[in-house]
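Engineer: Here you go, one structure.
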Amino acid sequence: MGRTLIIAEAGVNHNGSIKTAKELIKKASEAGADYVKFQTFLADKLVSKEAEKAAYQSKNTDNDESDSQYQMLKKLELSYNDHYELVDYCNDHNIKFLSTAFDLDSIDFLMKLGLDFYKIPSGEITNRPYLEKVADLGLPVILSTGMSNMQEVEDAVKVLVDGGITKEKITVLHCNTEYPTPLKDVNLRAMNTIKEKLGVEIGYSDHTLGIIVPVSAVSLGAKVIEKHFTLDKNMEGPDHKASLDPEELKEMVNKIREVETLLGSDLKAPSPSEKKNIAIARKSIHISKNLNQGHTLEFNDLIMKRPGDGISPMKIDEVLGKKIKRNLASDYKLSFSDLEND
Numbered sequence: 258m259g260r261t262l263i264i265a266e267a268g269v270n271h272n273g274s275i276k277t278a279k280e281l282i283k284k285a286s287e288a289g290a291d292y293v294k295f296q297t298f299l300a301d302k303l304v305s306k307e308a309e310k311a312a313y314q315s316k317n318t319d320n321d322e323s324d325s326q327y328q329m330l331k332k333l334e335l336s337y338n339d340h341y342e343l344v345d346y347c348n349d350h351n352i353k354f355l356s357t358a359f360d361l362d363s364i365d366f367l368m369k370l371g372l373d374f375y376k377i378p379s380g381e382i383t384n385r386p387y388l389e390k391v392a393d394l395g396l397p398v399i400l401s402t403g404m405s406n407m408q409e410v411e412d413a414v415k416v417l418v419d420g421g422i423t424k425e426k427i428t429v430l431h432c433n434t435e436y437p438t439p440l441k442d443v444n445l446r447a448m449n450t451i452k453e454k455l456g457v458e459i460g461y462s463d464h465t466l467g468i469i470v471p472v473s474a475v476s477l478g479a480k481v482i483e484k485h486f487t488l489d490k491n492m493e494g495p496d497h498k499a500s501l502d503p504e505e506l507k508e509m510v511n512k513i514r515e516v517e518t519l520l521g522s523d524l525k526a527p528s529p530s531e532k533k534n535i536a537i538a539r540k541s542i543h544i545s546k547n548l549n550q551g552h553t554l555e556f557n558d559l560i561m562k563r564p565g566d567g568i569s570p571m572k573i574d575e576v577l578g579k580k581i582k583r584n585l586a587s588d589y590k591l592s593f594s595d596l597e598n599d
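Residue numbers for the sequence shown follow the working numbering, so the first one is 258 and each next one is one higher.
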């Protein structure tokens, strides 16, 4: 199994502060994540001024007097200049920059930043013009699928494929868009249903509390993990409470790397560490009682005992009915050289 791509989702947890955004980059790098991801949007092109907040957004922004999504998101925008500054900061801290666009103009802007691939958020999976524009870019695509049924996922992938993105360049992330996601709603098996039906690589974008779900997803075959993190879960903002703190992010990365090690390959064979135990733990054919030369071996003459460096009990049919060349004592480990040829 290859290395899991780990995306530390800073999102809007910078609260509109470039200083906080840089600190998030630093913490993601220290945790060992591969990418740190932000969100690129123009509130005027993302949401109408009358759109209400989601329930979790209202709950997590109790001290914010903003009544609408627009007012909330307007405060969380990063300027284009901020993006360039953050890209440079990522380069200085040995972590790759990534962001998700939430409007068409922001897609155009992100392409100026030299992204390795394009990440489509769950909310855009039914936005055909958005999907078509992404397909035109020709980059590998990671597609989140929160709130989607299987048909909607298939339809979105078809738009990308029809636009020229081969399935080999598409990774689909199973996701649940509730912050935090109840464990009973995670449904990790759906991730592999996506793989089987669509023939694409899979991953998981996680909004649960803690790290057990993303680590479990890797054990089930996820090639990409995306997880929100914050500097402080008690900060004001829509996503902080459903995010990891820096130490939890570091633990998640470490556990994923451990899981990668234990998953190994598809080959079933003795590992180097256990080979020395084969002879000790397995059994060989031994003689169960004193026998005289010329005796024809029967089952009751034999006993299976350790060590396992003699004749394997799997070859007992090659021993039964054979005559022995010499006297053999009880507990003797039999070898084929002790047997007469037919």
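Even for Gly, the Cβ is constructed at its ideal location relative to N, Cα and C. Here the structure is a predicted model, which is why all the values come from computation and not from measurement.
Check whether the Cβ atoms of phenylalanine 298 and glycine 268 lie closer than 8 angstroms to each other.
Structural biologist: For the purposes of this step, residue 298 is taken as the residue at position 41 of the sequence shown. For the purposes of this step, residue 268 is taken as the residue at position 11 of the sequence shown. Not closer than 8 angstroms, so no.
Engineer: Identify every residue that forms a DSSP beta bridge with isoleucine 264.
Structural biologist: Numbered from its first residue, the sequence shown carries residue 264 at position 7. In DSSP, isoleucine 264 forms a bridge with Tyr292 and Glu483.
Engineer: Report buried or exposed for alanine 290, applying the criterion of at least 16 other Cβ atoms within 10 angstroms of its Cβ.
Structural biologist: As a position in the sequence shown, residue 290 is number 33, starting the count at 1. Buried is the call here.
Engineer: What separation, rounded to the nearest whole angstrom, lies between the Cα atoms of isoleucine 581 and arginine 539?
Structural biologist: If you number the sequence shown from 1, residue 581 lands on position 324. If you number the sequence shown from 1, residue 539 lands on position 282. Each residue's alpha carbon lies about 24 angstroms from the other.
Engineer: Would you say the stretch 501–516 touches the stretch 476–487, given that touching needs at least three Cβ pairs under 8 angstroms?
Structural biologist: Counting Cβ pairs under 8 angstroms, three or more are found: they touch.
Engineer: Tell me whether alanine 358 sits in a helix, a strand or coil according to DSSP, three-state version.
Structural biologist: Here residue 358 is taken as the residue at index 101 of the sequence shown, counted from 1. In this structure, alanine 358 counts as strand in the three-state DSSP scheme.
Engineer: What span of residues does the alpha helix (DSSP H) with threonine 518 cover, start to end?
Structural biologist: Within the sequence shown, residue 518 is the residue found at index 261, counting from 1. Element bounds for threonine 518: 503–520.
Engineer: Looking at serine 476 and alanine 417, is the spacing between their C-beta atoms short of 8 angstroms?
Structural biologist: What you label residue 417 is simply residue 160 of the sequence shown in a count that begins at 1. What you label residue 476 is simply residue 219 of the sequence shown in a count that begins at 1. The sequence shown places leucine at residue 417, not alanine. Their beta carbons are not under 8 angstroms apart, which means leucine 417 does not touch serine 476 by this criterion.
Engineer: Could you tell me whether the stretch 552–560 touches the stretch 519–535, using the rule of 3 or more Cβ pairs below 8 angstroms?
Structural biologist: no
Engineer: Are there 16 or more other CB atoms within 10 angstroms of the CB of serine 592, so buried, or fewer, so exposed?
Structural biologist: Translated into the one-based positions of the sequence shown, residue 592 becomes position 335. Per the 10 Å Cβ criterion, exposed.
Engineer: Give me whichever residues DSSP pairs with aspartate 349 in a beta bridge.
Structural biologist: One-based indexing of the sequence shown puts residue 349 at position 92. None; aspartate 349 has no bridge partner.
Engineer: May I have a chain-ordered list of the beta strand (DSSP E) segments no shorter than 3 residues that lie completely inside the stretch 397–468?
Structural biologist: 398–401, 427–432 and 458–463
Engineer: How far does the alpha helix (DSSP H) with isoleucine 377 in it extend, from its first residue to its last?
Structural biologist: Locating residue 377 in the sequence shown gives position 120, where the first residue counts as 1. Annotation for isoleucine 377: no alpha helix (DSSP H) segment contains it, though the beta strand (DSSP E) segment containing it runs 375–377.
Engineer: Report the option in Asn449, Ser325 and Lys302 whose CA atom is closest to the CA atom of glutamate 309.
Structural biologist: Within the sequence shown, the letter at position 52 stands for residue 309. Answer by Cα proximity: Ser325.
Engineer: Report the rounded CA-to-CA distance for valine 414 versus alanine 447, giving the unit in angstroms.
Structural biologist: Residue mapping note: residue 414 aligns to position 157 of the sequence shown, counting from 1. Residue mapping note: residue 447 aligns to position 190 of the sequence shown, counting from 1. As the crow flies, the alpha-carbon of valine 414 is around 16 angstroms from that of alanine 447.
Engineer: Our contact map puts valine 481 next to glycine 460 with C-beta atoms below 8 angstroms; I'd like the distance itself, whole angstroms only.
Structural biologist: Your numbering for residue 481 matches position 224 in the sequence shown. Your numbering for residue 460 matches position 203 in the sequence shown. With a contact defined as Cβ atoms closer than 8 angstroms, valine 481 and glycine 460 qualify at about 3 angstroms.
Engineer: With C-beta atoms as the reference, is valine 443 less than 8 angstroms away from valine 429?
Structural biologist: Here residue 443 corresponds to residue number 186 of the sequence shown, with the count starting at 1. Here residue 429 corresponds to residue number 172 of the sequence shown, with the count starting at 1. No. Outside cutoff.
Engineer: Grab the span of the beta strand (DSSP E) containing leucine 559 for me, first residue to last.
Structural biologist: To locate residue 559, count along the sequence shown from 1; it is residue 302. Where leucine 559 is concerned, the enclosing beta strand (DSSP E) stretches over 559–562.
Engineer: I'd like to know whether the C-beta atoms of glycine 396 and leucine 372 end up nearer to each other than 8 angstroms.
Structural biologist: Residue 396 sits at position 139 when you count from the first residue of the sequence shown. Residue 372 sits at position 115 when you count from the first residue of the sequence shown. According to the sequence displayed, residue 396 carries leucine and not glycine. Contact: yes.
Engineer: Along the chain, where does the beta strand (DSSP E) containing isoleucine 573 start, and where does it finish?
Structural biologist: By 1-based counting over the sequence shown, the position of residue 573 is 316. From DSSP, isoleucine 573 is part of no beta strand (DSSP E); its letter is neither H nor E.
Engineer: Using only CA atoms, which one of His464, Asn384 and Asn351 lies nearest to aspartate 496?
Structural biologist: As a working note, residue 496 is residue 239 in the sequence shown. Residue nearest to aspartate 496 within the set His464, Asn384 and Asn351 is His464 (criterion: CA-CA distance).
Engineer: The alpha helix (DSSP H) with isoleucine 535 in it runs from where to where?
Structural biologist: The residue given as residue 535 occupies position 278 in the sequence shown. Unbroken alpha helix (DSSP H) run through isoleucine 535: 535–538.
Engineer: Which residues mark the beginning and the end of the beta strand (DSSP E) in which histidine 543 is found?
Structural biologist: Residue 543 sits at position 286 when you count from the first residue of the sequence shown. It spans 541–544 - the beta strand (DSSP E) in which histidine 543 sits, taken as one unbroken run.
Engineer: CA-CA distance, serine 336 and serine 274?
Structural biologist: As a working note, residue 336 is residue 79 in the sequence shown. As a working note, residue 274 is residue 17 in the sequence shown. The straight-line gap from Cα to Cα measures roughly 11 angstroms.
Engineer: Ignore the nearest five residues each way along the sequence and tell me which others in isoleucine 537's own chain have a CB closer than 8 angstroms to its CB.
Structural biologist: The count along the sequence shown starts at 1 and reaches residue 537 at position 280. Once the five neighbours on either side are set aside, the close Cβ partners of isoleucine 537 are Arg563, Pro564 and Gly565.
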